[in-house]
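Colleague:
Numbering (the UniProt record's numbering), first residue to last: 1 to 224.
1) Provide the residue(s) that pair with residue 122 in DSSP beta bridges, ordered along the chain.
2) Tell me which residue opens and which closes the alpha helix (DSSP H) that residue 9 is part of.
3) Our contact map puts residue 154 next to residue 202 with C-beta atoms below 8 Å; I'd like the distance itself, whole angstroms only.
4) Using only alpha-carbon positions, find the residue among 121, 113, 111 that is nearest to residue 105.
5) Could you pull the start and end residues of the alpha helix (DSSP H) that residue 21 belongs to?
6) Consider the C-beta atom of residue 28 and the heavy atoms of the ligand MN; say whether any pair is separated by less than 7 Å.
7) Identify whether residue 57 lies in helix, strand or coil by the three-state DSSP scheme.
8) Does the contact criterion of 3 or more C-beta pairs under 8 Å hold for the segment 124-135 versus the segment 194-208?
9) Taking Cβ positions, are residue 215 and residue 170 nearer each other than 8 Å?
10) Quick check on residue 129: does DSSP put it in helix, strand or coil?
11) Smallest Cα separation from residue 53: which of 43, 40, 145, 25?
12) Taking all protein chains shown into account, decide if residue 160 is buried (16 or more other Cβ within 10 angstroms of its Cβ) or exposed.
13) Return helix, strand or coil for residue 147, following the three-state DSSP convention.
This is the structure we're talking about:
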């Protein structure tokens, strides 16, 4: 029997009520009241207060019926063990292994020759973009001379370093102290340098006067 059941039973007897009389006064059945007093029936707050009021008992007992809260257990977390930081210096073999997977190339401004960006490309079958990894140069175009060939200022060109001239190819060259991108055509010891296939103002020069740097194999168009 719980404490509330004992209180109701004791108060009923003290007031001189039979179970039937108390049940009638509270609007309950006798069997229901008997179950309450025996602790077999758990009553709600409203019914309990009604019975106590009829018996003239003041105060609420429901808070007392609540089981005492167990003290919260303090979790003892293990203290973190300080980990020793080990400084690892990259070895030559480790650097070689990385270099064998990814190649990092600077992008040079065409006129100033200063590095302005970089490109990282994978090495596949000992080649980068199908070319020998040591024969690649990235150039940022500094003018719109070759706009007729869809090469404009700001675009990044992939140049295959070579001295061989393929007629109709686009080349990076140096002539009269300037680096230029031009369509090239070789005729004996003469070079023709144009800005488009239909360029009427083609420059010509002796082969010995022009330094051919490499052939343009790819144009990375930069969205302005």
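We put the CB at the ideal spot given by N, CA and C, even for glycine. Model, not experiment: these values are computed from the prediction.
Modeller: Quick answer:
1) DSSP lists 102 as partners of residue 122.
2) Looking at the DSSP string, the run of the alpha helix (DSSP H) that includes residue 9 is 3-15.
3) No, residue 154 and residue 202 are not in contact; Cβ-Cβ is about 26 Å, not under 8 Å.
4) For the residues 121, 113, 111, the minimum Cα distance to residue 105 belongs to 121.
5) DSSP places residue 21 inside the alpha helix (DSSP H), whose first and last residues are 19-26.
6) With respect to the ligand MN, the structure offers nothing, as it holds no ligand at all.
7) Residue state, collapsed to three classes: coil.
8) With fewer than three CB-CB distances shorter than 8 Å, the segment 124-135 does not count as touching the segment 194-208.
9) Here residue 215 is near residue 170, since their CB atoms are less than 8 Å apart.
10) Residue 129 carries a coil assignment under DSSP once its states are collapsed to helix, strand and coil.
11) The shortest CA-to-CA distance from residue 53 to any of 43, 40, 145, 25 is the one to 25.
12) With 16 or more other Cβ atoms within 10 Å, it is buried.
13) For residue 147, the secondary structure class from DSSP, reduced to helix, strand or coil, is helix.
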